[in-house]
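**Student:** In this note's numbering, the protein residues as written are 118 to 514. A virtual CB, placed ideally from N, CA and C, is assigned to each residue, including glycine. My questions will all concern the structure given below.
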């Protein structure tokens, strides 16, 4: 599928519906308001086109994962299965049923696929590494992530003839290297090289050790939904500010990434919950550390800024080797100098950090911390009734 810019979507609507520019813009605005800002303008325009019966994708065009838009219906897409998760049965006050999920990837990206109810009967028919062609799925947003959902009428073709999928080692597409100043809302699988200039405390959350759901305390006991939690454990999130000389950005790390950054086990990190004092020198030691992070970019609406949610973090980075890679990647650009964090620039960042807190410190109020916690909760499924935290972490890693 060819990537369709917003202007082109509007033009196609105009050509095939005879609506005026004002009418199209009003419909898009109304759709955005109807969905409470939970969808992009491009996604809203795509839904409008679909409601009007306007085909943005012509027969014969192949849909790639990076071009999937929220609101698409009856799509056909192919991808390699990179991860399968447990089939789950759920029951809430409003509904009950079965759900299974898995991740697929192609050369452009990766995406989660969700199977519902009777469709889960086909979950055991394919394995990780198989190529699937999915027909009749629809796309929706779940905590700012696009997902493909398969209902009872969707079809799954396993290892169809004539289709091959090129996916990099590890089951994910190659990441795209960017400077922090180049990050844009919605970027997926983006890679940055930057220096840690600020570290905040680890925030801990009670979870049910049996299923990973968020545990809430009521009258001295913990519950995950209506179930009393007998195996209480903890999940955790930590925020950093990173700087590459072009910008500074807040980065959100989840459990596995925190373990990699600190080089500590889960049990060792949980000890900081009751005794945070030993963590203080570790925070200082991290300042000036050069890290490579692969993740995705979210928009923090409350503070009107972008945040990087880490999927992978690399600590033992060789700056000289990374600079060589940057030079190679930017060989066709007019200036390589702007695109690499030089040793001199990194030294300036480190020196300034030892003298004073960076400007971003002032906006890290208690409200900002709670906003980060809220984002992390929603991002990793605390509020998702049917998926465990570990499932979502595994897909990210």
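For residue 485, which residues from the same chain have a beta carbon less than 7 Å from its beta carbon, with the 5 sequence-adjacent residues on both sides left out?
**Tutor:** Residue placement at residue 485 is poorly supported in this model, since its pLDDT is 42, which falls under 50; the coordinates are not used for a value here.
**Student:** Just grab the DSSP bridge partners of residue 186 for me.
**Tutor:** The partner list for residue 186 (beta bridge, DSSP) is empty, contrary to what the question assumes.
**Student:** With contact counted as at least three CB pairs below 8 Å, one residue from each stretch, are the stretch 392–411 and the stretch 344–352 in contact?
**Tutor:** Segments in contact, no.
**Student:** Could you check where the beta strand (DSSP E) with residue 331 kicks off and where it finishes?
**Tutor:** First-last for residue 331: undefined, no H or E at that position.
**Student:** Using 8 Å as the Cβ pair cut-off and three pairs as the minimum, do the stretch 197–205 and the stretch 242–249 touch?
**Tutor:** Contact between the stretch 197–205 and the stretch 242–249 is present, because at least three Cβ pairs lie under 8 Å.
**Student:** Please name the residue, chosen from 276, 134, 312, that lies closest to residue 436 on a Cα-to-Cα basis.
**Tutor:** Residue 312 is the option with its Cα nearest to residue 436.
**Student:** Less than 8 Å between the C-beta atoms of residue 256 and residue 189, yes or no?
**Tutor:** Cβ distance < 8 Å, so residue 256 and residue 189 count as in contact.
**Student:** In this structure, what does DSSP give as the bridge partners for residue 270?
**Tutor:** Paired residues: none, contrary to the question.
**Student:** Considering only DSSP beta bridges, list what residue 233 is partnered with.
**Tutor:** According to DSSP, which records beta bridges pairwise, residue 233 is partnered with 216.
**Student:** Please classify residue 124 as buried or exposed, where buried requires at least 16 other C-beta atoms within 10 Å of its C-beta.
**Tutor:** So residue 124 counts as exposed.
**Student:** If the criterion is Cβ atoms closer than 8 Å, does the pair residue 314 and residue 295 meet it?
**Tutor:** Contact: no.
**Student:** Taking its Cβ as the centre, do 16 or more other Cβ atoms sit within 10 Å of residue 219, making it buried, or is it exposed?
**Tutor:** Burial call: buried.
**Student:** Express the C-alpha separation of residue 186 and residue 322 in angstroms, rounding to a whole number.
**Tutor:** In a straight line, the C-alpha of residue 322 is about 32 Å away from that of residue 186.
**Student:** Tell me the DSSP bridge mates of residue 226?
**Tutor:** Answer is 223.
**Student:** Is the beta carbon of residue 130 less than 8 Å from the beta carbon of residue 169?
**Tutor:** Yes, these two residues count as a Cβ contact at 8 Å.
**Student:** Give every residue of the same chain whose Cβ lies closer than 6 Å to the Cβ of residue 274, excluding the five residues on either side of it in the sequence, and list them in chain order.
**Tutor:** For residue 274, where only same-chain residues beyond five positions count, the Cβ hits under 6 Å are 250.
**Student:** What residues match up with residue 355 in a beta bridge as DSSP calls it?
**Tutor:** In DSSP, residue 355 forms a bridge with 370.
**Student:** Residue range of the beta strand (DSSP E) that residue 139 falls in?
**Tutor:** Counting along the chain, residue 139 falls outside any beta strand (DSSP E), though it belongs to the alpha helix (DSSP H) covering 138–151.
**Student:** If you reduce the DSSP assignment to three classes, tell me which class residue 344 lands in.
**Tutor:** DSSP places residue 344 in strand when its eight states are reduced to three.
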